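For the sequence shown, UniProt numbering gives the first residue as 1, with consecutive numbering after it.
Below: one structure, written as structure tokens.
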Amino acid sequence: MNLSSFFLGVLACWGALSVIAEDRYLYFTWEITNGTIYPLGFPQPGILINGQFPGPTIEAITNDNIVVNVINKLDEKFLITWSGIKQRRTSWEDGVLGSNCPIPPNSNWTYKFQVKDQVGTYTYFPSTKIHKAAGGFGGFNIAQRSVISIPYPAPDGEFTLLIGDWYKLNHRELRRQLDSGKNLPDPDSLLINGQKNAAVFTGLPGKTYKLRVSNVGLSTSFNFRIQGHDLKLIEVEGAHTIMDSYNSLDVHVGQSLTVLVTLNGSIADYAIIASTRFTGPNLLTTTATLRYAGSNTKSPIPLPEGPPTNDVQWSINQARTIRLNLTANAARPNPQGSFHYGTIPVVRTLILANSEAKIDGKLRYAVNGISHVNPNTPLKLADWYNIPGVFDLNTIKDVPPPEGTLAKLGTSVIGFTLHDFVEIVFQNNENYIQSWHMDGSSFYVVGFDNGMWTPDARKTYNLIDGISRYTVQVYPKSWSAIMVSLDNKGMWNLRSAIWERRYLGQDLYLRVWSNEQSVYTETLVPPNVLYCGKAKHLPKS
């Protein structure tokens with residue numbers, strides 16, 4: 001063999017290995033349309049994905065590359081956000097107004113991102129206007145690669161349960177109410193996978209199934225339970241938990257979790273129950289059916305009751321039992337608990353207090369006295385191209401303003417340096433439960449309690465095995481504290497998951513920045529990026 005043939009052979013081998021070693025791609029084409037749906041037994045206008053309500057479930061494996069071509073056939077602009085999916089090194093695909101121009105009617109846009117280091121249960125949903133109230137949401141499940149072990153026996157199957165509140169009014173009417181300065185009405189129902197009292201999940205007796213449960217509603221926490229069966233909690237938003245068993249579990253707006261359920265009863269149909277929490281006397285309940293194969297009868301076991309609907313302390317006590325499994329592997333073959341977050345010095349503390357306000361005579365909600373307004377130019381485009389007059393880093397402060405300060409409109413962006421380790425306290429001074437979600441980075445929930453947060457509260461923090469997640473509840477007249485390593489460069493959304501509050505201003509962005517210009521810290525602007533606002537006439541990349 002001559003030398004040139006040898007080198008050609010080596011190059012051919014390397015080429016073959018690179019093809020084999022490349023992580024797989026999953027391609028989807030989604031057509032977003034208006035349609036008629038029947039979640040409550042009568043026709044309602046809905047938003048469909050490929051004719052489906054809810055939308056199709058994405059089943060991925062960690063490290064998969066996801067390519068979703070979204071074709072917007074609505075008469076309004078539209079965006080989809082990937083709740084809890086960490087788009088490593090890019091906020092260009094985040095699907096919120098701070099990072100993306102919305103997709104115009106009768107046009108398309110293609111999302112491209114890789115799912116990494118996040119085995120677990122997630123969702124996607126529309127992020128613009130109040131489209132989520134009409135559909136357009138679905139499940140997003142990420143399984144482990146073959147080289148990753150799991151801390152429980154492999155289940156015999158799995159089911160995805162999308163549970164959330166629902167309204168008889170259509171999304172346009174709900175939006176008109178918010179725009180006119182009114183609150184949203186109380187929801188009319190709860191749904192499981194787009195149905196009320198109708199969904200059926202069938203399994204084999206004696207087998208164990210993984211149930212992926214997500215709260216896809218607009219405003220309401222729920223309690224989840226199954227007649228005659230225990231729920232073994234194994235995962236919360238990408239983190240393996242201590243595997244305790246529960247009779248029922250609270251799931252707050254925007255949150256996802258995974259449980260194992262063993263079909264160890266007699267052959268029958270058993271009720272899956274979801275009932276609303278913290279809603280006063282307006283308790284809503286819906287059911288689905290867990291059916292043992294071969295069943296032709298309902299179980300005679302009484303339906304289990306949930307906790308008293310306004311028992312906040314019950315929910316707090318349960319939440320404190322949800323802790324990180326430090327002996328389990330993460331999405332990579334190393335223990336997820338090897339990141340000792342409790343020993344890392346905090347470089348900055350934010351205290352974010354939510355409040356209700358009247359601005360120009362209309363209802364608004366604020367964080368630290370600022371009610372967020374999305375500018376016409378996405379913040380990410382303004383930051384990337386140094387477009388002036390879109391935002392500054394002095395609008396919102398790290399602590400609430402003095403009591404009695406009137407809230408005002410503004411564009412809320414807080415600046416950080418890449419890899420800052422930050423403590424964030426969510427102070428809820430209202431009588432309603434709150435829920436907060438962070439894009440781009442998972443965080444450790446280190447504490448929550450009633451009353452006002454003070455520095456002494458740090459003595460109560462869990463600095464060893466607090467759960468890692470993307471969404472945290474904040475109980476009425478209470479506080480919740482998180483710690484987060486901002487290791488993902490970009491412009492990332494931190495928002496209320498309670499849709500009325502987000503729509504009316506409880507929304508802000510974290511600008512995570514470094515001077516290093518490298519694709520290893522942040523990807524370049526995508527070639528298909530949409531331009532709008534002050535960026536509309538920029539030359540295309």
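From the three backbone atoms N, C-alpha and C, an ideal C-beta is built for every residue, glycine too.
Since we're looking at a predicted model, the values are computed, not measured.
Looking at the strands, I want to know which residues DSSP matches up with Ser355. By 1-based counting over the sequence shown, the position of residue 355 is 355. According to DSSP, which records beta bridges pairwise, Ser355 is partnered with Ala366.
Beta strand (DSSP E) segments (min. 3 residues) lying fully within the UniProt domain "Plastocyanin-like" (377 to 517): 408 to 410, 413 to 417, 421 to 428, 434 to 438, 443 to 450, 471 to 474, 478 to 485, 490 to 496 and 507 to 513
Assign Lys77 to one of three DSSP states: helix, strand, or coil. Position 77 of the sequence shown, counted from the first residue, corresponds to residue 77. Reduced to three states, the DSSP call for Lys77 is coil.
Segments assigned beta strand (DSSP E), at least 3 residues, entirely inside the UniProt domain "Plastocyanin-like" (158 to 294): 189 to 192, 200 to 203, 208 to 215, 221 to 226, 231 to 236, 248 to 251, 256 to 262, 269 to 277 and 285 to 292
With a CB to CB cut of under 8 angstroms and the five nearest residues on each side skipped, what residues in its chain are close to Leu393? The residue labelled residue 393 in the question sits at position 393 within the sequence shown. Here the set comprises Val413, Ile414, Gly415 and Arg511.
Exposed or buried, Ser146, counting other C-beta atoms within 10 Å across all chains shown (16 or more means buried)? Locating residue 146 in the sequence shown gives position 146, where the first residue counts as 1. By the neighbour-count rule (16 or more Cβ atoms within 10 Å), Ser146 is not buried but exposed.
Straight-line gap, Phe159 to Lys540 (C-alpha atoms, nearest Å): Here residue 159 is taken as the residue at index 159 of the sequence shown, counted from 1. Here residue 540 is taken as the residue at index 540 of the sequence shown, counted from 1. Computed Cα separation, rounded: 43 angstroms.
Segment limits, alpha helix (DSSP H) that includes Val96: Position 96 of the sequence shown holds residue 96. Premise fails: Val96 is in no alpha helix (DSSP H) and is neither H nor E.
Report whether the distance from the Cβ of Gln434 to the nearest heavy atom of the ligand FAD is below 7 angstroms. Because no ligand of any kind appears in the structure shown, any question about the ligand FAD cannot be addressed here.
Please go through the same chain and pick out, in chain order, the residues whose beta-carbon is closer than 8 angstroms to the beta-carbon of Phe6, but skip the five residues on each side of it. To locate residue 6, count along the sequence shown from 1; it is residue 6. Because Phe6 carries a pLDDT of 39, less than 50, the predicted location of this residue cannot be relied on, and the following value inherits that uncertainty. Closer than 8 angstroms at Cβ, skipping near neighbours: no residue.
Using a Cβ-Cβ cutoff of less than 6 angstroms, which residues in the same chain neighbour Phe448 once the five nearest sequence positions on both sides are dropped? Position 448 of the sequence shown, counting from 1, holds the residue named residue 448. Once the five neighbours on either side are set aside, the close Cβ partners of Phe448 are Ser480.
So, with DSSP's three-state summary, where would you put Ala141? Your numbering for residue 141 matches position 141 in the sequence shown. Per the sequence shown, the amino acid found at residue 141 is Asn instead of Ala. Asn141 falls in the strand class under three-state DSSP.
Let me make sure I understand the geometry here. Which of Pro56, Lys116 and Ala133 has the alpha-carbon closest to that of Pro45? Numbered from its first residue, the sequence shown carries residue 45 at position 45. Answer by Cα proximity: Ala133.
Taking Val200 as the reference, which of Thr287, Leu260 and Lys182 has the closest Cα? Here residue 200 corresponds to residue number 200 of the sequence shown, with the count starting at 1. When each option's Cα is compared against that of Val200, the closest is Thr287.
Nearest to Phe113 by CA position, among Gly135, Ala60, Ser149 and Phe78, is which residue? Indexing the sequence shown from 1 puts residue 113 at position 113. The residue with the shortest Cα to Cα distance from Phe113 is Ala60.
Cβ contact check for the region 248 to 257 and the region 205 to 218: 3 or more pairs under 8 angstroms: yes
Exposed or buried, what is Asp23 when buried is set at 16 or more other beta-carbons lying within 10 Å of its beta-carbon? Your numbering for residue 23 matches position 23 in the sequence shown. Exposed is the call here.
Identity of the residue in His372, Ala382, Phe443 and Thr321 nearest Thr241 by Cα: Reading the sequence shown from its first residue, position 241 is the one you call residue 241. Nearest option by C-alpha distance: Thr321.
Straight-line CA distance for Gly280 to Val68? By one-based count along the sequence shown, residue 280 stands at place 280. By one-based count along the sequence shown, residue 68 stands at place 68. When rounded, the distance between both Cα atoms is 41 angstroms.
Which residue from Gln506, Lys397 and Thr258 puts its Cα closest to that of Val119? One-based indexing of the sequence shown puts residue 119 at position 119. When each option's Cα is compared against that of Val119, the closest is Thr258.
His131, DSSP secondary structure in three states: As a working note, residue 131 is residue 131 in the sequence shown. The answer is helix: DSSP assigns His131 an H, G or I state.
Of the listed residues Ile80, Ile267 and Pro151, nearest to Ile130 (C-alpha basis): One-based indexing of the sequence shown puts residue 130 at position 130. Among Ile80, Ile267 and Pro151, the Cα nearest to that of Ile130 belongs to Ile80.
State the DSSP-derived secondary structure class of Ser315, mapped to helix, strand or coil. The count along the sequence shown starts at 1 and reaches residue 315 at position 315. Helix.
Beta-carbon proximity check, Ile163 vs Phe222, cutoff 8 angstroms: In the sequence shown, the residue the question calls residue 163 occupies position 163. In the sequence shown, the residue the question calls residue 222 occupies position 222. Yes, these two residues count as a Cβ contact at 8 angstroms.
Residues near Leu363 by beta carbon distance below 6 angstroms, same chain, minus five either side: One-based indexing of the sequence shown puts residue 363 at position 363. Closer than 6 angstroms at Cβ, skipping near neighbours: Gly181.
State the beta-bridge partners of Glu31 as determined by DSSP. The residue labelled residue 31 in the question sits at position 31 within the sequence shown. Per DSSP, Ile71.
Would you grab the beta carbon distance between Leu97 and Leu504 for me? Rounded to a whole angstrom, and I think it's under 8 angstroms. Residue mapping note: residue 97 aligns to position 97 of the sequence shown, counting from 1. Residue mapping note: residue 504 aligns to position 504 of the sequence shown, counting from 1. Actually they do not touch by this definition, with Cβ atoms about 14 angstroms apart.
Just how far apart, CA to CA, sit Thr523 and Glu235? Numbered from 1 along the sequence shown, position 523 holds the residue referred to as residue 523. Numbered from 1 along the sequence shown, position 235 holds the residue referred to as residue 235. Their backbone Cα atoms lie some 30 angstroms apart in a straight line.
Identified DSSP bridge partners for His372: Stepping through the sequence shown from its first residue, residue 372 is reached at position 372. Partner(s): Gly410.
N-terminal and C-terminal residue of the beta strand (DSSP E) that Tyr122 is part of: On the sequence shown, residue 122 is found 122 positions in, with the first residue counted as 1. Start and end: Gly120 to Pro126.
Cβ of Val472 within 8 angstroms of Cβ of Leu350? Taking the first residue of the sequence shown as 1, we reach residue 472 at position 472. Taking the first residue of the sequence shown as 1, we reach residue 350 at position 350. Not in contact: Val472 and Leu350 (Cβ atoms no closer than 8 angstroms).
Terminal residues of the beta strand (DSSP E) in which Pro45 lies: If you number the sequence shown from 1, residue 45 lands on position 45. Run containing Pro45: Gln44 to Ile49, per the beta strand (DSSP E) assignment.
At the level of alpha carbons, what is the spacing between Ile272 and Leu303? By one-based count along the sequence shown, residue 272 stands at place 272. By one-based count along the sequence shown, residue 303 stands at place 303. About 9 angstroms.
Using only the alpha-carbon positions, how far apart do Leu538 and Leu326 sit? The residue given as residue 538 occupies position 538 in the sequence shown. The residue given as residue 326 occupies position 326 in the sequence shown. Each residue's alpha carbon lies about 49 angstroms from the other.
How about Ser99 and Met438: do their beta carbons lie closer than 8 angstroms? On the sequence shown, residue 99 is found 99 positions in, with the first residue counted as 1. On the sequence shown, residue 438 is found 438 positions in, with the first residue counted as 1. Not in contact: Ser99 and Met438 (Cβ atoms no closer than 8 angstroms).
Between the beta-carbon of Gln506 and the beta-carbon of Tyr292, is there less than 8 angstroms? Translated into the one-based positions of the sequence shown, residue 506 becomes position 506. Translated into the one-based positions of the sequence shown, residue 292 becomes position 292. Their beta carbons are not under 8 angstroms apart, which means Gln506 does not touch Tyr292 by this criterion.
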